[in-house]
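A short write-up of the structure that comes next.
Residue numbers (this note's numbering): 2 to 268.
Here's what the structure looks like:
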């Protein structure tokens, strides 16, 4: 538990990062061989076990840091939140990757205040990397400032997309497929994988030039949205309108490719 209550949002970010790292260590200890499952119920049980191992550590520590902040209980929910402070947490972002022995997973925690993300922590337990962002104070990787790429056009860009959830509506699935086709025509390289957050940290770090997704949840989008914004990128929906957690689509891009990406995704 923290020794004292944080006095500023910067202090709160630092202590949140410590809590997320501690919880991430528990998830790292559970990583290894592929976890077998034969039914959906068995899969859901394995996913829940990972979540619970992280939340047993993370929930009491974050609650101690912000006793009056409420907790978003369902990580797949979207839309606006009531006023006040909320912890939006994904205890195992990329949980299914973790179960399959794949390395793309993370632990995330974001504090939302009156529907605006204030701070976020994305920790990758396998590498030890911790991405942080604080509104108005920039985005960082282990203390080093992050900046989005300077790629000037989509034809030179690496772009990425992700699947919001396995049981997505067929209309959304078909829209995802057509958008990938359009991007394959216009971008240099197109990457498709889950989870969204790991694509977004790459946009913030300038490794990837744009990321888009249809549908999605707060826990998927909010950490990366704050990181990309604070790293100098643009966050909108795919039509270029301001993004909110209630939006039906999401686009994060470096300034030089944003307009091209909107044109491609709305063609």
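The beta-carbon is built from N, C-alpha and C at its ideal position, and this holds for glycine as well.
Residue 118 to residue 46, Cα distance in whole Å? Start at 1 with the first residue of the chain shown, and residue 118 comes out as number 117. Start at 1 with the first residue of the chain shown, and residue 46 comes out as number 45. In a straight line, the C-alpha of residue 118 is about 31 angstroms away from that of residue 46.
Candidates 236, 246, 230 and 247: closest to residue 262 by CA position: Position 261 of the chain shown, counted from the first residue, corresponds to residue 262. Minimum Cα distance to residue 262 is reached at 236.
Is it buried or exposed for residue 253, if we count other Cβ within 10 angstroms and need 16 for buried? As a first step, residue 253 is located in the chain shown; it is residue number 252 there, counting from the start. Classification for residue 253: buried.
Could you give the first and the last residue of the continuous alpha helix (DSSP H) run that contains residue 224? Start at 1 with the first residue of the chain shown, and residue 224 comes out as number 223. Under the DSSP assignment, residue 224 falls in the alpha helix (DSSP H) whose first and last residues are 219 to 231.
If you compare alpha carbons, which of 57, 156, 80 and 163 is closest to residue 185? Start at 1 with the first residue of the chain shown, and residue 185 comes out as number 184. Checking every option, the nearest Cα to that of residue 185 belongs to 156.
For residue 94, name the three-state secondary structure that DSSP assigns. Taking the chain shown and counting its residues from 1, one reaches residue 94 at position 93. When secondary structure is reduced to three states using DSSP, residue 94 falls in the strand class.
What would DSSP say about residue 134, mapped onto helix, strand or coil? For the purposes of this step, residue 134 is taken as residue 133 along the chain shown, with counting starting at 1. Strand.
Have a look at 243, 21, 164 and 176 and flag the residue whose alpha-carbon is nearest the alpha-carbon of residue 126. Residue 126 sits at position 125 when you count from the first residue of the chain shown. Nearest C-alpha to residue 126: 21.
Sequence-distant residues of the same chain with beta carbon closer than 6 angstroms to residue 44, five excluded per side: Within the chain shown, the letter at position 43 stands for residue 44. 38, listed in sequence order.
Compute the distance between the beta-carbons of residue 158 and residue 189, then report whether it is under 8 angstroms. Here residue 158 is taken as the residue at index 157 of the chain shown, counted from 1. Here residue 189 is taken as the residue at index 188 of the chain shown, counted from 1. Cβ atoms of residue 158 and residue 189: closer than 8 angstroms.
Going by C-alpha distance, which of 201, 179, 194 and 102 is nearest residue 167? Within the chain shown, residue 167 is the residue found at index 166, counting from 1. Just measuring C-alpha positions, the residue of 201, 179, 194 and 102 sitting nearest residue 167 is 194.
Residue 106, buried or exposed, once every other Cβ within 10 Å from all chains shown has been counted against 16: Here residue 106 refers to the residue found at position 105 when the chain shown is read from its first residue. Residue 106 is classed as buried because its beta carbon has at least 16 other beta carbons within 10 Å across all chains shown.
Pick from 30, 96, 95 and 112: whose alpha carbon is nearest that of residue 15? As a working note, residue 15 is residue 14 in the chain shown. Closest option to residue 15, Cα to Cα, is 112.
Under 8 angstroms, with one C-beta from each stretch per pair, do the segment 54 to 65 and the segment 124 to 144 reach the 3-pair mark? Contact between the segment 54 to 65 and the segment 124 to 144 is absent, because fewer than three Cβ pairs lie under 8 angstroms.
Start-to-end residues for the beta strand (DSSP E) that takes in residue 139: Along the chain shown, read from residue 1 onward, the residue named residue 139 stands at position 138. In this chain, the beta strand (DSSP E) harbouring residue 139 covers 139 to 142.
Compare the C-alpha of residue 197 against each of 165, 173, 175 and 89 and name the closest. For the purposes of this step, residue 197 is taken as residue 196 along the chain shown, with counting starting at 1. When 165, 173, 175 and 89 are compared, the shortest CA-CA separation from residue 197 is found for 165.
Taking 8 angstroms as the cut-off, decide whether the C-beta atoms of residue 123 and residue 220 are in contact. Taking the chain shown and counting its residues from 1, one reaches residue 123 at position 122. Taking the chain shown and counting its residues from 1, one reaches residue 220 at position 219. Result no, Cβ atoms of residue 123 and residue 220 do not sit closer than 8 angstroms.
Leaving aside the five residues before and after residue 247 along the sequence, list all residues of the same chain whose C-beta is less than 6 angstroms from its C-beta, in chain order. Numbered from its first residue, the chain shown carries residue 247 at position 246. These residues qualify, in order along the chain: 80 and 81.
For residue 1, collect the residues of the same chain with a Cβ closer than 6 angstroms to its Cβ; drop the 5 residues on either side in sequence, then sort them by chain order. Because the chain is modelled from 2 through 268, residue 1 falls outside the range shown and cannot be assessed.
Please return the same chain residues whose Cβ sits closer than 7 angstroms to the Cβ of residue 257, not counting the five positions on each side in sequence. Here residue 257 refers to the residue found at position 256 when the chain shown is read from its first residue. Non-local beta-carbon contacts of residue 257 in its own chain, meaning distances under 7 angstroms to residues more than five positions away in sequence, involve 151, 152, 153 and 154 in chain order.
Identity of the residues DSSP links to residue 112 by a beta bridge: Here residue 112 corresponds to residue number 111 of the chain shown, with the count starting at 1. In the DSSP output, where bridge partners are listed per residue, residue 112 has 88 and 120.
Might you give, ordered along the chain, the residues of its own chain that have their beta carbon closer than 6 angstroms to the beta carbon of residue 227, omitting 5 neighbours on each side? Indexing the chain shown from 1 puts residue 227 at position 226. Cβ within range, chain order: 118, 121 and 134.
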